[in-house]
Each structure stands twice: as C-alpha cells, then as structure tokens.
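A.B. asks: What follows is a structure written as structure tokens; I'll ask about it next.
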Amino acid sequence: MKIKIQKGHNIRISGVPTGAVERADKFREFGIVPADYLGIKPKLVVKAGDKVELGSALFFDKKNPQVNYPSPAGGTIKEIIYGERRIIKKIVIATDDDEAIARLDTIVVENSNREGIIEYILKANLWPLIRQRPFNTTARPDDTPKAIFISGIDTAPLSIDPTMALMGREREFRSGMQVLTKLSGGAVHLTVPIGSSAVVFNNLNGITIHKISGPHPAGNIGIQIHHIDPINPGDIIWTVNVQHVATLGSLFNTGQFDPTVLIAVGGPAVKNPNFLQTRIGAPLSDLVQDNLNTTANRVISGDVLTGRAVEGEDYLGFYHSTISVLSIDHRRPFLGWAKIGNSAKVYTLTNAYLKTGKRNFSFSTKLNGACRAVVPINAWEDVLPMDIMPNALFRSILAQDVEEMEKLGILECDPEDFALSTFACPSKIELSSVIRQGLELMEKEM
Amino acid sequence: MQFLRRFSERMKPAFEEDGRLKLLYPVYEMLDTLLFNTDKETDMAPYIRDSVDLKRIMTIVIFALLPAFFFGLFNIGYQQALAFGLERSLLTNFWFGLKVMLPIIIVSYATGAVWEVLFAIVRKHEVDEGFLVTGLLIPMIVPPTIPLWQVAVATSFGMVIGKLVFGGTGMNIFNPALTTRAFLFFAYPGKISGDSVWALGPDGYSGATPLAVPAAVTNGNAVELLNGVTQFDYSWSNMFYGLIPGSISETSALAILIGAVFLILTKVGSWRVIVGGLLGLVGTALLTNILAGQSSNTMLSLPPHYHLVMGGFLFGITFMATDPVTAAHTNAGRWIYGIMIGVLTVVIRSINPAYPEGTMLAILLMNAFAPLIDYFVVQANIKKRVARYA
Numbered sequence: 001m002k003i004k005i006q007k008g009h010n011i012r013i014s015g016v017p018t019g020a021v022e023r024a025d026k027f028r029e030f031g032i033v034p035a036d037y038l039g040i041k042p043k044l045v046v047k048a049g050d051k052v053e054l055g056s057a058l059f060f061d062k063k064n065p066q067v068n069y070p071s072p073a074g075g076t077i078k079e080i081i082y083g084e085r086r087i088i089k090k091i092v093i094a095t096d097d098d099e100a101i102a103r104l105d106t107i108v109v110e111n112s113n114r115e116g117i118i119e120y121i122l123k124a125n126l127w128p129l130i131r132q133r134p135f136n137t138t139a140r141p142d143d144t145p146k147a148i149f150i151s152g153i154d155t156a157p158l159s160i161d162p163t164m165a166l167m168g169r170e171r172e173f174r175s176g177m178q179v180l181t182k183l184s185g186g187a188v189h190l191t192v193p194i195g196s197s198a199v200v201f202n203n204l205n206g207i208t209i210h211k212i213s214g215p216h217p218a219g220n221i222g223i224q225i226h227h228i229d230p231i232n233p234g235d236i237i238w239t240v241n242v243q244h245v246a247t248l249g250s251l252f253n254t255g256q257f258d259p260t261v262l263i264a265v266g267g268p269a270v271k272n273p274n275f276l277q278t279r280i281g282a283p284l285s286d287l288v289q290d291n292l293n294t295t296a297n298r299v300i301s302g303d304v305l306t307g308r309a310v311e312g313e314d315y316l317g318f319y320h321s322t323i324s325v326l327s328i329d330h331r332r333p334f335l336g337w338a339k340i341g342n343s344a345k346v347y348t349l350t351n352a353y354l355k356t357g358k359r360n361f362s363f364s365t366k367l368n369g370a371c372r373a374v375v376p377i378n379a380w381e382d383v384l385p386m387d388i389m390p391n392a393l394f395r396s397i398l399a400q401d402v403e404e405m406e407k408l409g410i411l412e413c414d415p416e417d418f419a420l421s422t423f424a425c426p427s428k429i430e431l432s433s434v435i436r437q438g439l440e441l442m443e444k445e446m
Numbered sequence: 001m002q003f004l005r006r007f008s009e010r011m012k013p014a015f016e017e018d019g020r021l022k023l024l025y026p027v028y029e030m031l032d033t034l035l036f037n038t039d040k041e042t043d044m045a046p047y048i049r050d051s052v053d054l055k056r057i058m059t060i061v062i063f064a065l066l067p068a069f070f071f072g073l074f075n076i077g078y079q080q081a082l083a084f085g086l087e088r089s090l091l092t093n094f095w096f097g098l099k100v101m102l103p104i105i106i107v108s109y110a111t112g113a114v115w116e117v118l119f120a121i122v123r124k125h126e127v128d129e130g131f132l133v134t135g136l137l138i139p140m141i142v143p144p145t146i147p148l149w150q151v152a153v154a155t156s157f158g159m160v161i162g163k164l165v166f167g168g169t170g171m172n173i174f175n176p177a178l179t180t181r182a183f184l185f186f187a188y189p190g191k192i193s194g195d196s197v198w199a200l201g202p203d204g205y206s207g208a209t210p211l212a213v214p215a216a217v218t219n220g221n222a223v224e225l226l227n228g229v230t231q232f233d234y235s236w237s238n239m240f241y242g243l244i245p246g247s248i249s250e251t252s253a254l255a256i257l258i259g260a261v262f263l264i265l266t267k268v269g270s271w272r273v274i275v276g277g278l279l280g281l282v283g284t285a286l287l288t289n290i291l292a293g294q295s296s297n298t299m300l301s302l303p304p305h306y307h308l309v310m311g312g313f314l315f316g317i318t319f320m321a322t323d324p325v326t327a328a329h330t331n332a333g334r335w336i337y338g339i340m341i342g343v344l345t346v347v348i349r350s351i352n353p354a355y356p357e358g359t360m361l362a363i364l365l366m367n368a369f370a371p372l373i374d375y376f377v378v379q380a381n382i383k384k385r386v387a388r389y390a
C-alpha cells in the first residue's frame, strides 16, 4: 500500500547531524530512567552495591510481574536515586572493566512456537523492547496483537535515518523480523519511504510493506497505524523501534542483550552535530561533552518534539535514538509582536510574519508567548494528518468524559502525534500533555 | 530601550507576591509583555514552539483593519464636506475625520481597558489580547454622529456581557464588538436602525441609506431606484469604493477586500467562512432575483453584486464572522456557518420589513448556532468511526 501524508511539517531546525558514525560506547557509568517506560510500577530486584550483568533484571512491573527490565551494563549498582514519594528516578550502574554479560542458550526461531518465543524473550528480560498501542506502554505477554507495526521511516526533527541506523545489523534485523512474524496474531507491517531502495528492507518473508511519503509526522507509528489498520476499542497493536528489531534478532542469534544503538546528536547548541554508535543508557553529559556552543543549554534525550529534558546526571532513554540540545535564551525583544518579521528571529507555520526564513532555524527553549484560552485558527488541525477532531477531543479530556473521549478516537492517539499541533498553537496550550492525561484516564477506566 | 527594560525589572518586585501593588500584577504583566516579548520557557515536550502568539494574531487583525480604518477617516471628512457643499483636499478630509474618530477610539479603548483590567484583577488572570481588536472594531462600526457616552455605555455592555462574564477571549459565545453594536441598535433604535444616513451635516441633514431606498418602494426596480437617487451617488462603482455615508469603516468594499485578502493569506482569518458567506449571499440574492417578478417587494430585485457592496455585509463577514472563537470550530462547520450568514443577511434585508440591514443579526444568530453546527460535525466524525468497528 502507498500512503501519501499531506498535512504536517518538517521543522527546519539547525544543527542537522552529518558525517560518519563515531563510536562512543565506553563509559564508566550507565543508567536507566524508569519513567521512560510509561505506566509501570517498578519493583526493584537489586539494591545498591549488588553485582549485575548486562541484560540481567533490575526491576519488574508490579502490574505485570512477568516482565523484567534489563540492566544496560554489567557491573555494580552504584546508586538508586529516588524522587518524591519514593518514585525511582534513576538506577546508576558502575561498569566493570570486564563486563559480565547474561547469556542464554540460543533457540531456533523456525522450530519454536509463539509461547516458546515469548518465554525466551521474557527470560532474557528484553520484553520491554515490545510496546503496545493504545497507550504506548510495554506490551502484555498474554495479549495477542491484531498486528505488529515497525516504522522504517523517521521524520522527527534531527532524527537518524533508519536505513543508516541498521547498517551492519542487517542480519540481526532480518532475524528480528522473523521473530515478530511468529508473535503477531495478524500481519506484521513495515513502513518504508517511497522510493527507498534500502537492501535491508528487501526480501523479507511474511512482512507487509507499505510505502509512505510526506512531512512529519508521517514517520510516527501512530499516524501509520491510523492510515493502515486503525485501532478500534478492544484492539491491541504491538510496535517495536526499528533498531530494537535488530536487538531482538541479535538475542535470538547470540543469546545475549546487544545494547548497541545508533543515535543522532544535533540541535542549535551543538558544535559538530554528528552520529554516534553508543549504548542504551549511556550518560548524556559524556555523549555531548565538549560538543556544545553555549553554556546555557538544555539537553534532551529524544527529539525536540517528544523527548525528555535532562535533570542532573542523566542517561540516554531506552527508546530514544536522538540527543537534541537547545540553547536557553533570555533576551526579550522590544515590541516583538509589532515587527514585520526577521528570518533569523522568527519561525512560524502561519504567515503572520512577512519574512520567515527558508534556512534552518536556531530554536531556543522559548515558549514565544503566554498561555491563553483556545483561539481556534486551525493551527492544530493543519498539521495533524488524522481523521480526529482535536478541539472536541481536547474538551472531552478536560471534562474527563471518558465515553466521549473513546468515541472521538483517543485510543488511536498518542502525545507524539499531537506534538506538532502543540508546537503550532498560538495560545501555547500543552496539547500533547493533555492527550497523555486523557490516555492515562482511559487506561485507568479500562 | 535598555532603560525601559531596567525600569520594568526594578518595578517588578512591587507587583509580585509580597509587593505592595500585588493587586495590580495583571496591569504590570500586561504592560511588561506589551513592551518586551516574554522570556517564558517550555517546561515539557515539545521543547520548541512557533513564534506566533495571541498578541501577534491580534496584531495581524489590526493590520488587516487598517485600510478600512484609514478610508473611514477620509470618508468622514469627505461626507461632511459633501453635506455642507465644501471643497476640501484629501489631507483636510483626513484631518477632519481624525478629529471625529480619535475621541471615539479613546473612549472605546479606555472603557474596555477598565473592564478588562477589573476582571483580570478580580479573577486573578492575565489581561488577554482580544481587546486590542475589539477596541478598534467598535469605533469602526459606529456612525460618526454617535455621542461619546453611547460609545462608553455600549462598549461596557459588549465587553462585560459579550465576553468577560464568560471568562474572556476564547470563552465567549458572541463577538463582543458585534454585541456592542447590537446594544446600540436596540437601545437607541431612533438613531441606529439604518433607515437614514449617518453623516456629519447641518441640522436636520438626512437621507435614505442605500438599503432603505429599494425597501421603501413597492413594485420597483432596485437598481433604477438607486441610480435615481440625487442626494448621494449610489451607483455600484461609488458604493464599491465606499464614497457613501454609513458607519465609519463599513462603506468601502475595496478597502475591506484588501483586509480580507491579508487575513486569508496570513491564515489568521478563515477563508472558509469568508468564501462561504459570499457564496451564501450571492446564491440567495440570485434566488430572490428569480422570485422578484412574483412579488411587489422591490428588495427582491436587488442583484447580488449590489448586495455585496451595500450595508455592512463585507465588513461583517471579513472581520466579525471570522472571529475564530465565536465562529464554528470545525472546517465543515465553518462552511455551513459562513453560508448561513450570507443567506440570512439577504433574507433579513429582503423579507424583514423592520430592518433594512441584516448582517449584524445574521452573524449574531449564527454565533448562537455555531456550537450546534459543530456538534453535528463532531457527531458525523464519531458515526464514521463507530461504523468502522460496529
């Protein structure tokens, strides 16, 4: 199937990564931020000072006790950092020189049944690689999804091209896809860009390939599901990050957790935006060290639209493949609202300024306005390629009307699909965050 | 501007939580952010945001109003000169118009600001920008002959009842400027009904407005009647350029169209509402033209292009109906909303004997119906989704 996404926008943010991939995977510390796994209640199985292996369990989810979450490194638990109400904020692991790795005997995928494969992934503590829609939480091993989706196209700002990210891991990717065909209750959908001739996506057995074109958010899995096989009440769809398919494949090939991930480091505050081959849970400050322009900046694990801003010593998110850095700008232009426009200072999806640049723009963390009530000038709808009425949905969430939310299609939505709408909103309404609230409310009710 | 910045920073503590003037914080915040863009930062994803905010959106509407505004200034002087039989230069006409208009603007902004700030202080929220536009719209849609006290009373009504009691910009049901105008219309019908012209002239100076001319005669031909008026030049081209008496900025179709194009190009005004309104008006007028032979009502014979340039329709559909808050909020809804305004305008103009002009009532009525239209559009979306899995 060919899908052309019309609505949307590729944000022209400066600091686009270029060049060859550098290796940066030797660090003294790695960390896990449990908040990256949405909706879980972590219960630790280790304590500070314990020895852990790469891939051994750090904690499990109280709501879903069969699912363990893996350690990104082998060594000693250095510190467990708690937040308010004893929420586990970070788990820090000091690596040993000779890293211990958890190993399983390999199994042959062809000869295994679905249950056997699920059991194997659970035993390897790598089940969190698989997430589900609705809600974008870790999948439940007891469910049988109606389909599994993998996006082979990434349109987010400053992201890494999946074909590049998979270079050298083609064999693992193939094995991973083969595993997924065993797991799905229906089809396994892989989306690739129209015109893509990447070898890695060729000759995959039992996979339905879709060609997608269009601006961001065309690469978002939620948008693709919406256009290919929309989620109805009661449906479960599983999704896996494209690089995690290779991680999964490598588990079945070698019996161990390969935490390798290729990331893009970019953004206006980065001196030399580049690509790094690193590991899940790598320390962010070390990854961007000596590569920043300004002192006042904000490092984000993930892309600028959906990522997580760092707090203190922080680590690359489990599902992230971008590090974005924005500078913090406290200047306050005089009578800015009355100016005709200046391509160096203004970036907007409306035409409210005469001169807006076509070149890449140096975004800062500025909100560029103040929060106001909704003034619907179609800013949300114009960049949302879904048959969803965002305004009506927004109201039903604020009213906590669960029934109405479901009717309006909240189960098909994810905050990342509304990130552009939030970006464009002239009233500076945190629409993404409201969608998240709505989903959490839904999840509680279900 | 550094000294202003420093001054503002120095004043800030007085208005904050423990300051002596903390009650007036909304006023400080309003002036501070009016002078300097805010330096607020994003604190959750997405971490970058569009440069446009509500201040800019409102500024765009003001820019769009300027052609009609300046033409209005000139026309006040021009009509006054005409009434007295004077020869005056363009610039003197402007100057005369400015002298009439400025007090109205000052009264409108001052009255509105008082209410806006009062509500902001009592309700402890920031002063919102909607009033920047409303305060300018009100002087533009009143006659130049209006007493200033009426401006003050009507603005108070429009601001408080039309907007602030609902919670301010974004929450209101009716367009506040149009509510102001409706208040004038119903409170002082002797002056504002639209039967006789508004121009500054000698005592007892009067005449029929273009819309009142065909309305007053039965079994006539509207265009011939208009061309037969000797007191004013009611030819189509003259009405298009706007050199006729009327509310200050409503007369020039040309100036308003420039504003309309600007609003559409900047994506601030909804083209669906404007185009829908034009289609509704033209379609209904064509229909009444067909029926004109069957009736003694002369208004039915008024062709669509005359409907367009007469009265306040173009101004209303461009600057009042497109108010994003009080219009329909869905794209399909915007089409219906716009078309219905066009239809109702012609219906009220042609068939209602009491009021020669129908734009204001048509927009207010559709403001009231906009949520209902949206309800049906949303229900259609829901039905489509349910049909997928039911």
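These protein sequence lines map, in sequence, to chains A and B.
Numbered per our numbering, the first sequence spans residues 1 to 446.
Numbered per our numbering, the second sequence spans residues 1 to 390.
Beta carbons: idealized from backbone N, C-alpha and C, even for Gly.
1) Tell me the DSSP bridge mates of residue 374(B)?
2) If you drop the 5 nearest sequence neighbours on each side, which residues of the same chain put their C-beta closer than 8 Å to that of residue 160(A)?
3) Does any residue of chain B have a CB that is nearer than 8 Å to the CB of residue 232(A)?
4) Do you know offhand how far residue 184(A)'s Cα is from residue 19(A)'s?
5) Can you tell me whether residue 218(B) is buried or exposed? The criterion is at least 16 other CB atoms within 10 Å of its CB, across all chains shown.
6) Along chain A, in chain order, which residues have C-beta atoms closer than 7 Å to that of residue 330(B)?
7) For a test of the three-state rule: what should DSSP assign to residue 128(A), helix, strand or coil?
8) Between 59(B), 7(B), 69(B), 85(B), which has its C-alpha nearest residue 256(B)'s C-alpha?
9) So for residue 358(A), helix, strand or coil by DSSP?
10) So does the stretch 282-299 of chain B actually touch the stretch 77-86 of chain B, counting three or more Cβ pairs closer than 8 Å?
11) Taking a contact to mean a Cβ-Cβ separation below 8 Å, would you say residue 170(B) touches residue 275(B) in this structure?
12) Determine the closest residue to residue 386(A) out of 53(A), 220(A), 56(A), with distance taken between C-alpha atoms.
13) Does DSSP classify residue 372(A) as helix, strand or coil?
14) Touch check for the stretch 263-279 of chain B and the stretch 302-319 of chain B: three-plus C-beta pairs under 8 Å?
15) In whole angstroms, give me the CA-to-CA distance for residue 373(A) and residue 377(B).
16) Distance, Cα to Cα, residue 334(B) vs residue 34(B)?
17) Residue 65(A) lies in the beta strand (DSSP E); which residues open and close that run?
18) Could you give the first and the last residue of the continuous beta strand (DSSP E) run that contains residue 380(A)?
19) Label residue 84(B) either buried or exposed according to how many other C-beta atoms from any shown protein chain fall within 10 Å of its C-beta, with 16 as the threshold for buried.
20) Between which two residues does the alpha helix (DSSP H) harbouring residue 444(A) extend?
21) Along chain A, in chain order, which residues have C-beta atoms closer than 9 Å to that of residue 122(B)?
22) Taking only beta-carbon atoms, is residue 88(B) less than 8 Å away from chain A?
23) For the alpha helix (DSSP H) that contains residue 171(A), what are its first and last residues?
24) Just how far apart, CA to CA, sit residue 259(A) and residue 280(A)?
25) Output the distance between the C-alpha atoms of residue 198(A) and residue 236(A), rounded to the nearest integer angstrom.
26) Could you name the residues of the same chain whose beta carbon sits closer than 7 Å to that of residue 240(B), not counting the 5 residues immediately before and after it, in chain order?
27) Around the C-beta of residue 197(B), are 16 or more other C-beta atoms found within 10 angstroms, so that it is buried, or is it exposed?
28) Could you tell me which of 130(A), 84(A), 269(A) sits nearest to residue 13(A), measuring between CA atoms?
29) In chain B, what lies closer than 8 Å to residue 347(A) by C-beta?
30) CA-CA distance, residue 426(A) and residue 419(A)?
31) Provide the residue span of the beta strand (DSSP E) that contains residue 277(A), from first to last.
32) Does the structure place the stretch 131-140 of chain A close enough to the stretch 236-254 of chain A that three or more beta carbon pairs sit under 8 Å?
33) Considering only C-alpha positions, which residue in the set 347(A), 92(A), 145(A) is nearest to residue 51(A)?
34) Run down chain B in chain order and give the residues with a C-beta less than 9 Å from the C-beta of residue 300(A).
35) Please return the same chain residues whose Cβ sits closer than 8 Å to the Cβ of residue 393(A), not counting the five positions on each side in sequence.
36) Report yes or no: is there a C-beta of chain A within less than 8 Å of the C-beta of residue 54(B)?
C.D. replies: Once the coordinates are examined:
1) For the purposes of this step, residue 374(B) is taken as the residue at position 374 of the second sequence. According to DSSP, residue 374(B) bridges with nothing at all.
2) Residue 160(A) sits at position 160 when you count from the first residue of the first sequence. Contacts found: 17, 154, 262, 263, 264, 275, 321, 322.
3) As a position in the first sequence, residue 232(A) is number 232, starting the count at 1. It does; some Cβ of chain B falls within 8 Å.
4) Stepping through the first sequence from its first residue, residue 184(A) is reached at position 184. Stepping through the first sequence from its first residue, residue 19(A) is reached at position 19. Taking the straight line from one Cα to the other gives about 37 Å.
5) Working through the second sequence from its first residue, we reach residue 218(B) at position 218. Classification for residue 218(B): exposed.
6) The residue given as residue 330(B) occupies position 330 in the second sequence. By Cβ distance, chain A contributes 389.
7) By 1-based counting over the first sequence, the position of residue 128(A) is 128. If DSSP states are grouped into helix, strand and coil, residue 128(A) belongs with the helices.
8) What you label residue 256(B) is simply residue 256 of the second sequence in a count that begins at 1. Out of 59(B), 7(B), 69(B), 85(B), 69(B) has the C-alpha closest to the C-alpha of residue 256(B).
9) In the first sequence, counting from the first residue as 1, residue 358(A) sits at position 358. Residue state, collapsed to three classes: coil.
10) no
11) Locating residue 170(B) in the second sequence gives position 170, where the first residue counts as 1. Locating residue 275(B) in the second sequence gives position 275, where the first residue counts as 1. No, the pair does not count as a contact, with Cβ atoms beyond the cut-off.
12) Against the first sequence, residue 386(A) aligns to sequence position 386. That would be 220(A), whose Cα lies nearest to the Cα of residue 386(A).
13) As a first step, residue 372(A) is located in the first sequence; it is residue number 372 there, counting from the start. Coil, per DSSP.
14) yes
15) As a first step, residue 373(A) must be located in the first sequence, where it is residue number 373. As a first step, residue 377(B) must be located in the second sequence, where it is residue number 377. Straight-line Cα distance between these residues: approximately 22 Å.
16) As a first step, residue 334(B) is located in the second sequence; it is residue number 334 there, counting from the start. As a first step, residue 34(B) is located in the second sequence; it is residue number 34 there, counting from the start. Each residue's Cα considered, the two are about 32 Å apart.
17) One-based indexing of the first sequence puts residue 65(A) at position 65. Here the beta strand (DSSP E) through residue 65(A) covers 64-70.
18) If you number the first sequence from 1, residue 380(A) lands on position 380. Counting along the chain, residue 380(A) falls outside any beta strand (DSSP E), and DSSP gives it neither H nor E.
19) Along the second sequence, one-based indexing puts residue 84(B) at 84. With fewer than 16 other Cβ atoms within 10 Å, it is exposed.
20) The sequence position of residue 444(A) within the first sequence is 444, counting from 1. Start and end: 431-445.
21) Translated into positions along the second sequence, residue 122(B) becomes position 122. Simply none; closest approach about 17 Å.
22) Numbered from its first residue, the second sequence carries residue 88(B) at position 88. Not an interface residue.
23) Along the first sequence, read from residue 1 onward, the residue named residue 171(A) stands at position 171. Residue 171(A) -> alpha helix (DSSP H) spans 170-183.
24) One-based indexing of the first sequence puts residue 259(A) at position 259. One-based indexing of the first sequence puts residue 280(A) at position 280. So the two alpha carbons sit approximately 5 Å from each other.
25) For the purposes of this step, residue 198(A) is taken as the residue at position 198 of the first sequence. For the purposes of this step, residue 236(A) is taken as the residue at position 236 of the first sequence. Each residue's Cα considered, the two are about 30 Å apart.
26) To locate residue 240(B), count along the second sequence from 1; it is residue 240. Correct list, in chain order: 253, 254, 309.
27) Taking the first residue of the second sequence as 1, we reach residue 197(B) at position 197. So residue 197(B) counts as buried.
28) Position 13 of the first sequence, counted from the start, is the residue given in the question as residue 13(A). Of the candidates 130(A), 84(A), 269(A), the one whose C-alpha sits nearest the C-alpha of residue 13(A) is 269(A).
29) As a first step, residue 347(A) is located in the first sequence; it is residue number 347 there, counting from the start. By Cβ distance, chain B contributes 50, 51.
30) Locating residue 426(A) in the first sequence gives position 426, where the first residue counts as 1. Locating residue 419(A) in the first sequence gives position 419, where the first residue counts as 1. The alpha-carbon atoms of residue 426(A) and residue 419(A) are separated by roughly 14 Å.
31) Along the first sequence, read from residue 1 onward, the residue named residue 277(A) stands at position 277. Taken as a continuous stretch (DSSP letters only), the beta strand (DSSP E) holding residue 277(A) covers 274-279.
32) yes
33) Here residue 51(A) refers to the residue found at position 51 when the first sequence is read from its first residue. The option with the nearest alpha carbon to residue 51(A) is 92(A).
34) Position 300 of the first sequence, counted from the first residue, corresponds to residue 300(A). Result: 45, 47.
35) Indexing the first sequence from 1 puts residue 393(A) at position 393. 405, 408, 409, 410, 413, 435, 438.
36) Numbered from 1 along the second sequence, position 54 holds the residue referred to as residue 54(B). So yes, residue 54(B) belongs to the interface.
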